[in-house]
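Beneath this line is the structure, given in structure tokens, with notes to follow.
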Amino acid sequence: MTTVIPAPVSRIDGCGSFTLTSAATVGGETVVAGYAADVLGLAISNDPTIEFALGASPAPGGYSLEITSSGIRAEAESATGLFLAVQSLRQLLAADQASGITNAELPITRIDDHPRFDYRGAMLDVARHFFSVNDVKKYIDDIALLKLNHLHLHLTDDQGWRIQIDSWPELTKAGATTEIGGRGGGFYTKDEYREIVRYAASRFITIVPEVDLPGHTNAASVAYPELSDIPVEPYEGIEVGFSSLAIRSEETYRFVDDVVREIADLTPGPYLHLGGDESLSTTDDDFLHFIQRATAIAARHGKKLIGWHEMGKSEALPAGTIGQYWGFITPQEGAAEHTLSFVKQGGSIIMSPADVAYLDIKYDAGTELGLIWANGPTSIAESYDWDPATIIPGIGDEQLLGIEAPLWSETTATIRDVEYLAFPRLASIAEIAWSPAATRDGGDFRHRLERFVTLLDALGIDHGEVA
Numbered sequence: 279m280t281t282v283i284p285a286p287v288s289r290i291d292g293c294g295s296f297t298l299t300s301a302a303t304v305g306g307e308t309v310v311a312g313y314a315a316d317v318l319g320l321a322i323s324n325d326p327t328i329e330f331a332l333g334a335s336p337a338p339g340g341y342s343l344e345i346t347s348s349g350i351r352a353e354a355e356s357a358t359g360l361f362l363a364v365q366s367l368r369q370l371l372a373a374d375q376a377s378g379i380t381n382a383e384l385p386i387t388r389i390d391d392h393p394r395f396d397y398r399g400a401m402l403d404v405a406r407h408f409f410s411v412n413d414v415k416k417y418i419d420d421i422a423l424l425k426l427n428h429l430h431l432h433l434t435d436d437q438g439w440r441i442q443i444d445s446w447p448e449l450t451k452a453g454a455t456t457e458i459g460g461r462g463g464g465f466y467t468k469d470e471y472r473e474i475v476r477y478a479a480s481r482f483i484t485i486v487p488e489v490d491l492p493g494h495t496n497a498a499s500v501a502y503p504e505l506s507d508i509p510v511e512p513y514e515g516i517e518v519g520f521s522s523l524a525i526r527s528e529e530t531y532r533f534v535d536d537v538v539r540e541i542a543d544l545t546p547g548p549y550l551h552l553g554g555d556e557s558l559s560t561t562d563d564d565f566l567h568f569i570q571r572a573t574a575i576a577a578r579h580g581k582k583l584i585g586w587h588e589m590g591k592s593e594a595l596p597a598g599t600i601g602q603y604w605g606f607i608t609p610q611e612g613a614a615e616h617t618l619s620f621v622k623q624g625g626s627i628i629m630s631p632a633d634v635a636y637l638d639i640k641y642d643a644g645t646e647l648g649l650i651w652a653n654g655p656t657s658i659a660e661s662y663d664w665d666p667a668t669i670i671p672g673i674g675d676e677q678l679l680g681i682e683a684p685l686w687s688e689t690t691a692t693i694r695d696v697e698y699l700a701f702p703r704l705a706s707i708a709e710i711a712w713s714p715a716a717t718r719d720g721g722d723f724r725h726r727l728e729r730f731v732t733l734l735d736a737l738g739i740d741h742g743e744v745a
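If you're matching positions, the sequence shown starts at 279 in the working numbering and goes up one per residue.
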């Protein structure tokens with residue numbers, strides 16, 4: 279029985295075990311060997327106990343990991359696959375990492391593994407509550423444990439603008455000074471954002487920046503009143519849907535062009551998220567007008583565009599625009615049609631159904647943090663017991679780019695708050711994104727989850743109870 283999350287595609291156990299001691303060494307592909315030496319507290323050697331070798335993979339994006347009586351060998355066609363093998367090894371060691379490896383007993387086994395979906399993501403809302411560069415780095419390390427490979431940063435909202443834009447300096451001088459609850463806000467300078475991007479890349483994670491438009495723009499309009507048709511004031515609450523850009527103003531599209539250009543220049547990854555959700559104060563005609571113009575502008579800057587599923591109301595999206603579904607397991611009126619619109623226009627879908635994949639929802643009625651608007655609380659079992667290919671007819675594995683677990687920060691003021699709500703439910707989402715649907719089993723997952731939380735404890739990652 280495997281103890282790894284996400285469950286590997288194949289694991290064959292042999293007889294006996296291998297004892298990993300503090301005298302063990304690592305070697306092979308230099309980047310991954312250096313990372314493994316750091317997280318495992320072992321030395322690097324040309325004759326290693328644990329070897330990370332470039333070679334064959336069982337499938338694209340995959341790796342093999344073999345533990346024999348004489349040592350450990352991981353093999354993959356790329357450093358990315360070898361990095362994923364490190365995460366499986368860390369989970370096999372689990373709590374043995376708490377105070378340094380001394381005499382860890384590992385079973386003789388061979389794992390051959392590869393992902394179901396290319397896009398396996400988490401989202402962190404840094405707009406409603408601001409999180410420091412070090413906080414974001416910690417979350418990057420956290421999600422890497424589960425073989426996630428994208429971190430979507432929600433950089434702008436009504437409560438604050440969190441990214442430096444040189445051509446519109448008041449966005450951070452005035453628009454970044456607020457957040458929920460009256461704290462001082464904050465923002466990332468361009469150098470700090472680059473630091474986040476580099477750190478994520480060192481964990482083989484791609485940063486996906488989001489600028490949410492045309493709603494969720496109160497902070498931008500506080501900084502530049504000409505971006506709104508009505509006067510606005512700084513906002514520190516949790517309501518949504520009350521703000522909108524001035525859709526018929528040419529200044530709005532100069533703003534969009536400048537912001538997208540600067541963020542695209544900062545972001546080496548292929549994606550840029552333009553939001554498009556909850557534009558409740560924008561008329562339907564204005565919304566369609568804005569989406570057509572704004573997405574055309576953004577597409578000129580060389581990024582693959584992502585939008586929340588409401589953006590699919592438009593039939594004039596740039597070819598290949600990706601839709602992110604955040605409705606419920608049973609889609610609300612119009613949500614399925616809007617999501618299918620992306621596919622009809624040549625795009626693919628990221629699944630993030632709010633009532634199972636949103637990590638900011640309470641575990642149960644007694645959870646202090648979190649909200650309950652998404653069909654009530656979401657238990658660990660509920661976060662596991664769903665499949666992204668069965669929600670909307672016409673959207674199966676072939677139409678899915680992957681899965682993402684968003685965490686909105688209305689109630690999370692610290693990174694420990696974030697971790698408490700994210701873990702262990704993020705393990706559910708990671709397994710759905712990685713493991714074959716036909717082999718997933720809730721009872722087996724619960725057994726593995728109990729071991730996984732010992733690793734979280736060893737690494738000082740806060741989490742909810744496995745109940």
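The beta-carbon is built from N, C-alpha and C at its ideal position, and this holds for glycine as well.
Beta-carbon proximity check, residue i vs residue j, cutoff 7 Å
{"i": "Gly340", "j": "Gly359", "result": "yes"}
{"i": "Leu685", "j": "Ala700", "result": "yes"}
{"i": "Arg440", "j": "Val414", "result": "no"}
{"i": "Trp712", "j": "Pro503", "result": "no"}
{"i": "Glu355", "j": "Ala331", "result": "no"}
{"i": "Glu448", "j": "Ala501", "result": "yes"}
{"i": "Gly624", "j": "Gly598", "result": "yes"}
{"i": "Arg289", "j": "Glu344", "result": "no"}
{"i": "Thr689", "j": "Leu733", "result": "no"}
{"i": "Arg694", "j": "Asp642", "result": "no"}
{"i": "Ile443", "j": "Glu528", "result": "no"}
{"i": "Leu618", "j": "Gly674", "result": "no"}
{"i": "Val282", "j": "Gln369", "result": "yes"}
{"i": "Ala708", "j": "Leu505", "result": "no"}
{"i": "His428", "j": "Tyr397", "result": "yes"}
{"i": "Gly590", "j": "His567", "result": "no"}
Same chain only: Cβ atoms within 6 Å of residue i, ignoring 5 sequence neighbours per side
{"i": "Met629", "result": "Tyr603, Pro666, Ile681"}
{"i": "Asp507", "result": "Ala524"}
{"i": "Ala691", "result": "His407"}
{"i": "Glu697", "result": "Ile739, Asp740"}
Residue i versus residue j - alpha carbon distance
{"i": "Lys582", "j": "His551", "result": "8 Å"}
{"i": "Val304", "j": "Asp663", "result": "38 Å"}
{"i": "Gly738", "j": "Lys416", "result": "11 Å"}
{"i": "Arg718", "j": "Glu457", "result": "40 Å"}
{"i": "Gly720", "j": "Ala372", "result": "20 Å"}
{"i": "Pro702", "j": "Phe482", "result": "22 Å"}
{"i": "Leu544", "j": "Cys293", "result": "51 Å"}
{"i": "Gln437", "j": "Ile516", "result": "8 Å"}
{"i": "Gly554", "j": "Leu491", "result": "5 Å"}
{"i": "Leu426", "j": "Ala363", "result": "13 Å"}
{"i": "His430", "j": "Leu320", "result": "32 Å"}
{"i": "Thr668", "j": "Pro609", "result": "11 Å"}
{"i": "Ile350", "j": "Val538", "result": "46 Å"}
{"i": "Ile710", "j": "Arg526", "result": "43 Å"}
{"i": "Glu514", "j": "Glu488", "result": "20 Å"}
Of the residues the options, the one placed nearest residue i, counting alpha carbons only
{"i": "Ala302", "options": "Ile379, Leu370, Val364", "result": "Ile379"}
{"i": "His407", "options": "Thr450, Val537, Arg461, Asp396", "result": "Arg461"}
{"i": "Gly493", "options": "Pro512, Phe465, Ile443, Glu556", "result": "Glu556"}
{"i": "His432", "options": "Leu402, Pro548, Ser410, Leu424", "result": "Leu402"}
{"i": "Ala574", "options": "Gly464, Leu734, Glu593", "result": "Glu593"}
{"i": "Ile584", "options": "Gly438, Ile485, Leu362", "result": "Ile485"}
{"i": "Gly399", "options": "Phe723, Gly674, Glu743, Leu637", "result": "Leu637"}
{"i": "Gly601", "options": "Asp535, Ile707, Leu679", "result": "Leu679"}
{"i": "Gly519", "options": "Arg532, Val538, Thr495, Arg526", "result": "Thr495"}
{"i": "Ser366", "options": "Val317, Phe409, Gln677, Asn653", "result": "Val317"}
{"i": "Arg532", "options": "Ala683, Gly612, Ser445", "result": "Ser445"}
{"i": "Phe395", "options": "Val744, Tyr477, Ala715, Gly742", "result": "Ala715"}
{"i": "Gly312", "options": "Ser480, Ala613, Arg476", "result": "Ser480"}
{"i": "Arg578", "options": "Thr560, His587, Val534", "result": "Val534"}
{"i": "Ala285", "options": "Asp374, Asp536, His725", "result": "His725"}
{"i": "Ile658", "options": "Phe723, Ser521, His616, Ser348", "result": "Phe723"}
{"i": "Pro596", "options": "Ile421, Pro509, Ala572, Asp563", "result": "Ala572"}
Cβ neighbours of residue i in the same chain (closer than 7 Å, five flanking residues each side left out)
{"i": "Asn324", "result": "Gly305"}
{"i": "Val634", "result": "Ile607, Thr656, Glu660, Ser661, Trp664"}
{"i": "Ser295", "result": "Glu383, Leu384, Pro385, Ile386"}
{"i": "Pro512", "result": "Thr456, Val500"}
{"i": "Ala337", "result": "His392"}
{"i": "Pro326", "result": "Thr303, Val304, Gly305, Gly306"}
{"i": "Asn653", "result": "Phe606, Asp633"}
8 Å CB neighbourhood of residue i in its chain, flanking five on each side removed
{"i": "Val411", "result": "Tyr466, Glu470, Glu473, Ile474"}
7 Å Cβ cutoff, residue i in contact with chain D
{"i": "Glu611", "result": "You won't find chain D in this structure, because it holds only one protein chain."}
Can you give, in chain order, each stretch of the beta strand (DSSP E) that sits fully within the segment 477-558 and has at least 3 residues? 484-491, 549-553
Complete runs of the alpha helix (DSSP H) confined to the segment 571-640 [at least 4 residues]: 613-622, 632-635
Suppose only complete runs of 3+ residues qualify. What are the beta strand (DSSP E) ranges in the segment 302-343, listed by chain order? 303-306, 328-332
What are the uninterrupted segments assigned as alpha helix (DSSP H) that are 4 or more residues long and contained completely in the segment 377-432, given in chain order? 411-422
Extract the residue ranges of the alpha helix (DSSP H) inside the segment 656-743, only unbroken runs of 4 or more that lie entirely within it. 658-662, 693-700, 703-712, 720-736
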